[in-house]
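A short write-up of the structure that comes next.
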Amino acid sequence: MNGPENNRSGRFRLLADIVGPALPGLLIMSLFINLLALATPLFVMQVYDRVIFHAGLTTLQALVLGICAVILFDFILRQARSRVLQRVALAVDVDLGRALFAKVAGLPLQVLESRPGHAWQFLFRDLETVRNTVAGAAVIALVDLPFIVFFLGLVIWLAPPLAWVFALVAVAFVLLGLWNGISVGRASRIEREATMRRDRLLNEIVLGRTVMKSAAMAGPLQALWEKGQAASIQSAIKRGRLADGSMNAGASLGVIATIALTSVGAVAILDLKMTIGTLVAANLLSSRLIAPLSQLITSWRSLAALRESAGRLNAILAEPDDRRLDAIDLPRPSGKLQVEEATFTYDPEAAPALKAISVRFGPGGLHAIVGPNGSGKTTLLKLAHGLYRPATGRVLLDDADISQFSRDQVAAWIGYVPQDGFLFSGTVRENIARFATDAADADILAAAELAGVHSFVADLPDGYDTQVGEGGGRFSTGQRQRIAIARALVGNPPIVLLDEPTSNLDRDAEDDLRRHLCEMARSRTVVMVTHSPALLQASDSITVLVKGTIALAGRTEQVLPRLMGSHVRQVGT
Ligand code: ADP
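Counting in my numbering, the sequence shown runs from 72 upward without gaps.
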């Protein structure tokens, strides 16, 4: 998997594409907002030095009018700047959100399985962090930053005796900001990891709610969750303490700066090096310096979080996708599926799950794969579907390497029925149609009838409009599997792979499914992982897997007697 290191050059590219176009406008607006900010100190300076000392009421009227116009312009500019930032936020939500979803959904199954489920949800939180930061106060603080130099220059020109105080204050703020960014950034990372650990457990509790209830595990699981919660709270407190500490230090630094300015200014006035108006104006200008600097302290953390979130998002966006496009449209394959010398490893440290396997199915017929638990049957099916890529060897569909086809194309040619028959929340119709909005009723009905779904769905009050519930929980596992078989048959694929389709069926249902599978196998290649004697007898060929290798394979009439013999021997020993 590509780490963030591998795509440094790509880091922030997508973000830059979104924020980049808005940046010149933001900078120009900020320039005017900062220039207008000079009006208040100038106003006060004039009032102190001219109006008060020379009783210039007419001047005061003109100054008040002028400052009112400035306030109005300032308001309009700030509103415009907010609008631009809102548009940036929207672009992040829409463009980056869409890109992230497409990316996650388009990643190879192996990459998706390499992280726990909630890690993917956290990526969408990263998206929120990016959105809130690029469209929030942190970006305004960053855009305002260059004007600090301008204000510093102005103060030095206006009140030279105060220059060194300003320079010291600016350096102190930058140091505080840096320290805050590093320490709070580190604390935030620890907090994120603690929260992820806690949420992982929460996810599993929801998934395993039946086990939790049936095995009365609520007490011990609560203790585990509280441990995770405590770690999360502790890290949040630490992060909060550090963040509050630097924010308060920033506030104190602001007060110290005002006192230092006033004191040094007072001495300068006594030495006749400055007027009172200049001191008051310098004090006001100092707020234009100090405000963005202290804002920077809080923003620094947001910017560090932005950097990390954008880094994680970019690392995912740089992952290679499943193939999405085909060079040419090929005709429907005849259904010959061949695995050639394929080796597959989940964990490089452990033994391969499949070792140089070669097997051929079809075209046409019913083919069974048997073997003890953990022998690699499911892995072989996933490999045959192109969901996993073999480390060595290849999978051929009608003599063409399957890796050249897009996922959409393979999914249209090879139907796959997982063991748990997972369904997405929605109606039976939507699930069979794979949520395609343009699926024809006739195709859905044909698939449902062939899979034996129609008989039990037609009985329901809402028929095909029945909601299947979360993960398909409204139906029994056997019924879910039937709907999953119908889903696999939509589009009439020449090959169907089924993972233990009878594991949750009673004898009658198993018999019924056997009839349906034989019917399907008349015009398709049907490959199934099964231990059902009825299905084994009905099959044309049997492949026996043991510890990731093929122990026995051939026509059913040759393999079955030997298989039964070994079973009888095992029972006998
Ligand atoms: P079967 O379907 O025959 O029960 P599998 O194909 O599920 O066997 O698994 C074959 C081997 O690969 C087993 O040793 C199993 O522990 C291992 N395995 C399966 N899935 C994973 C996974 N996601 N990560 C690591 N190892 C796995």
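Beta carbons are placed, not taken as given, at the ideal position from N, Cα and C, and that holds for glycine.
- The residue among Asp-533, Ala-314, Ser-574 and Asp-582 with its C-alpha nearest the C-alpha of Ile-368 is Ala-314.
- For Leu-109, the closest alpha carbon among the candidates Arg-312, Leu-223 and Ala-286 is that of Leu-223.
- Per DSSP, Asp-315 is one residue of the alpha helix (DSSP H) stretching across 289 to 341.
- If you keep only unbroken alpha helix (DSSP H) runs of at least 4 residues inside the stretch 415 to 501, you get 448 to 455 and 478 to 484.
- With contact defined as three or more Cβ pairs closer than 8 Å, the stretch 593 to 611 and the stretch 558 to 576 are in contact.
- C-alpha of Ile-99 to C-alpha of Gly-256: approximately 31 Å in a straight line.
- Between Ala-559 and the set Asn-251, Gly-492 and Asp-509, the nearest pair of CA atoms involves Gly-492.
- Separation of His-189 and Ser-610 (C-alpha to C-alpha, rounded to the nearest whole angstrom) is 41 Å.
- Per DSSP, the beta bridge partners of Met-599 are Ala-439 and Leu-569.
- Val-615: member of the beta strand (DSSP E) spanning 612 to 617, first to last residue.
- As a beta-bridge residue in DSSP terms, Ala-624 pairs with Thr-614.
- Taking 4 residues as the shortest admissible run, the stretch 123 to 191 contains the following complete alpha helix (DSSP H) segments, listed from N- to C-terminal end: 128 to 162, 168 to 177 and 180 to 184.
- For Asp-583, the CB contacts under 7 Å within the same chain, skipping 5 residues up- and downstream, are Gly-523 in chain order.
- Between the C-alpha atoms of Thr-537 and Gly-316 there is a straight-line separation of about 56 Å.
- DSSP places Ala-413 in the strand class (E or B) of the three-state scheme.
- A residue is listed when its beta-carbon falls short of 5 Å from at least one non-hydrogen atom of the ligand ADP; in chain order these are Tyr-417, Ala-424, Asn-444, Gly-445, Ser-446, Gly-447, Lys-448, Thr-449 and Thr-450.
- In summary, Thr-450 is buried, with 16 or more beta-carbon neighbours lying within 10 Å of its beta-carbon over all protein chains present.
- Taking the C-beta atoms as reference points, Val-335 is found nearer than 9 Å to Leu-233.
- By the criterion of a C-beta distance shorter than 7 Å, Pro-187 is surrounded in its chain by Arg-271, once the five residues flanking it on both sides are discounted.
- The C-beta of Lys-453 has 16 or more other C-beta atoms within 10 Å across all chains shown, which makes the residue buried.
- Taking a C-beta distance under 9 Å as the contact criterion, Ala-320 and Leu-374 do not qualify as a contact pair.
- One thing to note: Gly-457 has its Cβ no nearer than 9 Å to the Cβ of Pro-565.
- Residue pairing by DSSP places Leu-350 opposite no residue, since no beta bridge is assigned to it.
- In the displayed model, Leu-216 falls within a helix according to three-state DSSP.
- Looking at the DSSP output, Leu-408 sits in a beta bridge with Phe-432 and Leu-468.
- With a cut-off of 8 Å on Cβ pairs, the stretch 286 to 296 is not in contact with the stretch 339 to 356, counting fewer than three such pairs.
- Contact annotation: the stretch 164 to 177 does not touch the stretch 355 to 364, with fewer than three C-beta pairs closer than 8 Å.
- Here Glu-581 really is in contact with Ala-605; their C-beta atoms are around 6 Å apart, less than 8 Å.
- A direct Cα-Cα distance of roughly 7 Å separates Gly-127 from Arg-121.
- Contact between the stretch 139 to 146 and the stretch 189 to 207 is not established, with fewer than three Cβ pairs separated by less than 8 Å.
- Sorting Met-283, Val-499, Asn-105 and Gly-311 by C-alpha distance to the C-alpha of Gln-550 places Val-499 at the top.
- Every alpha helix (DSSP H) stretch that sits fully inside the stretch 91 to 122 and reaches 4 residues is listed by chain position as 94 to 107 and 110 to 117.
- Contact check between the stretch 460 to 475 and the stretch 411 to 428: three or more CB pairs, one atom from each, fall below 8 Å, which counts as touching.
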